[in-house]
Structure formats: C-alpha cells, structure tokens
Amino acid sequence: TLRNKPWRMKRRLIVLKEAQEFVEEFEGALGKGRGRKLYAFKVMLTKKLIKFKRDFENFKTACIPWERKIKEVESHFGSSVASYFIFLRWMYGLNLVLFGLMFGLVVLPEVLMGLPYGSIPRKTVPREEQPTAMDFSVLFDFGGYCKYSFLFYGYYNNERTIGVLQFRLPLSYLLVGVGLFGYSLMVVIRTMARNSNEGGDGAEGNEFIFSWKMFTSWDYLIGNPETADNKYASITTSFKESIVDEQENQKDENIHLRRFLRVLANFMILCCLGGSGYLIYFVVKRSQEFAEKKKEDLSWFEKNEVEFVMSLLGLVCPPLFETIAELEDYHPRIALKWQLGRIFALFLGNLYTFLFALFDEVTAKLESEKTIRNATEWSLNQYYTNYSSHFNTTDVPPPKVNPADVVRGPCWETGVGIEFVKLIVSDMQVTYLTILIGDFLRAVIVRFLNYCWCWDLEAGFPSYGEFDISGNVLGLVFNQGMIWMGAFYAPGLVGMNVLRLLCSMYYQCWAVMACNVPHERVFKASRSNNFYMGLLLLVLFLSLLPVVYTIMTLPPSFDCGPFSGQEKMYDVVMKTIEQDLPSFIGNIFTYATNPGLIMPAVLLMVLAIYYLNAVSKGYQQANIDLKKKMQMEKKTKKKRVCILQRV
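One rule links them: number in the numbering used here = place in the sequence shown (from 1) + 5.
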C-alpha cells in the first residue's frame, strides 16, 4: 500500500491520483455484472479490429505487383537498381490507365458501332496492295492489313455520331488525345509532391550511421531461410552504400586537375551529341529519297535505316558517355545524375531531329495530298456534269466504285503513326537482344570458360556485366515520350506499350538476378526519387508540343481519320459548341480564346508560380534552420546529462 512505501508525501499524492483515475476509467471492467461484460466485449472488438487492420495492410502489400521481385533485387543490388524497377512498375500502372482511356473511348466504340472493314475506302486495303497485304515482311513493317486496321489514325471514320448511342467519335478522339497528356501531367506532379513529402530530411539518420545499422538492421521475425539470406545480403549492401558515402565525404583531391578533366569530358560529350544529331538528320533525309523509289528496289537495311541508326546510337552512346565520365570522378549518385542528363540530351536531340525531318516529310505529303484532292474533286465534278447533261436530271447517284479502287491520299497521320510504332518495336528488339547477348551470353562465357582460359575472366575482361541504371531509365522515359506523341497518330500504340512494359519487368528482373553483379561502388538512391519524375515531366511537356502543333496548325488528311473534311482538327470542338450548346457558352468560349485575355492570364500564372516558388524556398530554409536548432538542442542535452552524471 501507499502507507508502507518510503516515499515523500508529494509522490504519494501523485500515485494516488493516478490510481483513482485508472479506477474511474476502468470501473466497468473492475466491477461485476453488465459493466464487466460490456467492457470485455469492447476489448474483444478492439482486438479484432486491430487484427483486421493488420491483415488488411498485409493484404494490400501482397497485392502490390512484383513487390517480392523488387525486394529481392534490392537486397542483392542495392536501392539504386531497385529504384529502376519501382519506376518501371509505376510506368506500367500509368500506361494501364492510358490504355483504358484510349481503348474504352476510341477503339472500342469504332470497332463495335462503326462501319465494318471493307465498307469504305479508309477501311479497305487498296487493290494494288492486296496481293502482298499478308506477307510477313509487309506486316512486319506495319503495312498491308496492319496499316488499315484500328491500330492507326486513318481507320477511324469522320461521321459526327456513330451507332445507336450516337457516340461522337471525332470529339472523343480529340479529347482523349489531349486528355492523355492532362491525366499524365496530373499523375506525375502528384507523385512528385508525394515523394517530396515522403523523402524526409534524414537528419536523425546522419548521426551514428554504422551503429544504427549494426544493432538495429536485423529483423527477428524472419522465419524463412530464403528471406534471411535476402536480408543478410540487404544489410551487407547497405553497409557498402554507407561506406562509399563516408569515403566520398572525406576524399581529398587536386581541384585544378579535376576541373580540367571535367571540362575535357564535357567537350568530348558535346562532340558526340552534335555528331549523333547530324547522323540522324542525314539518315532521315536519305529515307525521304528512298520513299520515292519502289520498295522492291530497296534492301532491308535501307527500309529500316532510321530505326536502326537511332537504336544503335541509343545502344553505343551511353557506355561511351560512362567511359568519358570516369575522368570526372564524381560521387556515384552525382555521376548517375550527370550520366542521366547527358543521355537525356542525346535522346532529346535525336528525337527532335527525327521529328523535324519527319515534319519535312509531312509537308511534302501535304503537297501531294492537295494534288490528289484537286484531281479527285475535278473527276467527281466531271462525272456529275456528264451524268446530269446525259440523263437531263439533277438527282445524280454517287459513282459505283469498289472501295479498294478509290484513289487515296498519302494519309500523313497514319505515316507518322507507323514511324513511331516502328521506332518502339525496333528499340524493344535492340534492348532485348542486347540483354540476351551482352549480359546472358557474356555471363555464360565467364561462368563456363573461366576454368580453361588464359586469364581470370571474372576479374578481368570480359567479367560479369553491371546493370546500366542510367541507360535503362532514360530508355524508359523516352519510350514513354514516344508513346505520348505517337498515341494520337496510332491509338493501338498504348496497348503495345503495356505489353512491352509487362515483358520488360519479368525479362529484366530475370536478367539482373541471373547475369549481373552489383556495382563496384554501390550507392543509395535518393529517398524522394524525384529526379526520374523530373525527367519524365520534361519529356511530357516536350512530347505535348508536336501534338499541339498538329492539332492547331496542320490540316488533316481529306480522306482518312476522324477529322477528314475539317480545316483544322480543333474545328470539331468549335462545331460541337456551336451546334450542341447554348449560344452564350459559345460567346464565353470565344472571349476566353481571345489573345487579349490569354496573355494577361499567362502573365498572372507566371507571377503566381514565381511567388509560390519564392515562398517554397523560404519554407525550405526555415526547415533547414529548424533542423540545425534541433540538433544543437540534442547536443546541449547530451552535454547536460554528461555533466550531471559526473556530479
């Protein structure tokens, strides 16, 4: 009892008060009868609820795709390699939603409610192409029946409404084409904001790093031997990461020599970038010359020269950049960002050089289309004039011509879509063959010929390969950029990309675990992981520009696609506003698109962004100051405790 305790009166009163509060709170459980049963029921319900929440969290974790595979990769190769597979999984989820939008609102309505194949010229293979329309070489180049299928822009009809539901396909096509960019922008920015919040400051982890890792890393709930091996490998890798960080912080170097080597490395990389851009422009110009010749006179290499050169540059330049970057001797994390930036510049320059040359070809096709359109209109006018004068009537039936025999325009939108699809497919082939030959075959040679070779193949040449983080990340980002651009001209491209990402996850996970070894200088990935997202956001913006230019500036083809018969593609929206909405909404839209209102609105947005950026920097600085103050308080408390212990 309290009376028997050798305590001061003040402490007795405090303990007595705590005991009284406990009795008041749990009086029902301590008593008898209904109160005790009710309390027992509440306790049981609380325990069941806690167990349900824990099981539900475990279920949600189990439902995350490929989580176990990624954790296994992380345990053996570190968080830097695992960050690529996390990014790949995120891209797969994004593309799955984009595929749902495109397939559900564009492809499916046209297939179910549109006119069947062979009913109109745009859905029929021309007569002169029919003998070879099913040849493998033609289908492999996405010609023949592939070209006139729902995969490409030209297949879709320009009827304002289709089917019993009166579905507005042209309007849906335009809104979905632009909506893919809007949804992607929203998701990328939202992910970046969430990553920034989850990134944390890492202030508490900067002290006693190795002690924390030594005494708190092991998970004592592990009961599976395989899981224990993975955890052991993970702890070893994390120690290597921390050792590299500590070595980089304590490194002493000759600053003048280091600056000279870094300037030299950047000069060499600029020369490589300029040469690759010129090479792509040259081969695209050559392809335009080849397009004027007969396909039978061209070799396989001449037909696929552009795709082959772009894939080869993407394969050769990243390792070359990595070799040149050895001169700079950056920290592995900083070196990775420089490598990503350089490969980003390479891919961006190559892509926009390809686009500029491609739009030169589009301009030539538009001139050809004008000639064909004028000839077609003149022939129809002659037919109507001759028929009405011969039969003395104004009720002239349309000419009876088989859809396969109708004269076609070049349909430049489908041509652009085919180029994007061929680029994606060729890049996928080169990537998979590179893994198969450069990683798998190399690993087989090192594994089985090392015992009978003149030197140690594992320690020397060729050795086991390392996973190329920068090349794979940039390849993924720019493939996504081509998907965003090409989806407007080839709606089936999004579905193809979903299958490609699905295969890449399994194929690359197998390759990295079976054929690669961890990097010699292992390093931690950034906790926020926003560098990848920043690159993706920039590529998204740059991918939007060609599509907006197409919608607002270029005239659509007159005989294919959902916008045929319009002066500009966006006229579909204007006609919908004029015909289906009240007149005052049309007036509001007209005033809203006035340049006199748009320019002040853009200026206001720029000022708002500048203000919010300044406020954000102020908050970041205040946060840094607060962290420093908290660390100083910690050190002061420790000193006080030491002094009190001595006293």
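Even glycine gets a Cβ: it sits at the ideal position worked out from N, Cα and C.
Inter-segment contact for the region 282-296 and the region 355-363 is present: three or more beta-carbon pairs are separated by less than 8 Å. Looking at Gln-513, Asn-521, Phe-57 and Ile-488, the one whose alpha-carbon comes closest to that of Gly-182 is Ile-488.
According to DSSP, Gly-470 shares a beta bridge with Asn-521. Taking C-alpha positions only, Met-118 is separated from Cys-565 by approximately 18 Å.
In terms of Cα proximity to Pro-131, the closest of Val-411, Pro-561 and Ser-509 is Val-411. Phe-172 is bridged by DSSP to Ile-167. Boundaries of the alpha helix (DSSP H) harbouring Asn-100: 84-107, taken from the DSSP string.
Gln-387 carries a helical assignment under DSSP once its states are collapsed to helix, strand and coil.
In this structure Leu-550 is not in contact with Val-482, their Cβ atoms being roughly 16 Å apart against a cut-off of 8 Å. DSSP places Thr-439 inside the alpha helix (DSSP H), whose first and last residues are 417-439. A contact is defined here as three or more CB-CB pairs under 8 Å, and the region 494-507 meets this definition with respect to the region 89-106.
Inter-segment contact for the region 421-428 and the region 486-501 is present: three or more beta-carbon pairs are separated by less than 8 Å. Within its own chain, the residues whose Cβ lies closer than 6 Å to the Cβ of Ser-548, once the five positions on either side in sequence are excluded, are Gly-486, Trp-489 and Met-490, listed in chain order. Cβ atoms of Tyr-537 and Val-577 stay farther apart than 8 Å, at about 36 Å. Between Gly-279 and Thr-358, the CB-CB gap reaches or exceeds 8 Å. The beta carbons of Pro-408 and Gly-123 sit about 6 Å from each other, so the pair counts as a contact at 8 Å.
Contact annotation: Met-49 and Asn-535 have beta-carbon atoms that are not nearer than 8 Å.
In the assembly as shown, Pro-126 is a buried residue. Its beta-carbon has 16 or more other beta-carbons within 10 Å. Uninterrupted alpha helix (DSSP H) stretches at least 4 residues long and entirely within the region 521-609 occur at 535-557, 576-585 and 588-597, given in chain order.
DSSP places Pro-323 inside the alpha helix (DSSP H), whose first and last residues are 310-330.
DSSP places Phe-364 within a helical segment (H, G or I) once states are collapsed to three. For Ser-142, the enclosing alpha helix (DSSP H) begins and ends at 141-145. The C-beta distance from Ser-189 to Phe-215 rounds to 42 Å, too long to fall under 8 Å, and the pair is not in contact. Closest in alpha carbon position to Tyr-153, among Pro-121, Lys-53 and Gly-539, is Pro-121. Taking C-alpha positions only, Glu-312 is separated from Phe-141 by approximately 18 Å. Within a 10 Å sphere around the beta-carbon of Cys-68 sit fewer than 16 other beta-carbons, which makes this residue exposed. Your pair Gly-470 and Asp-432 does not check out as a contact, with CB atoms roughly 20 Å apart and the cut at 8 Å.
By the CB criterion at 8 Å, Pro-114 and Arg-94 fall outside the cutoff.
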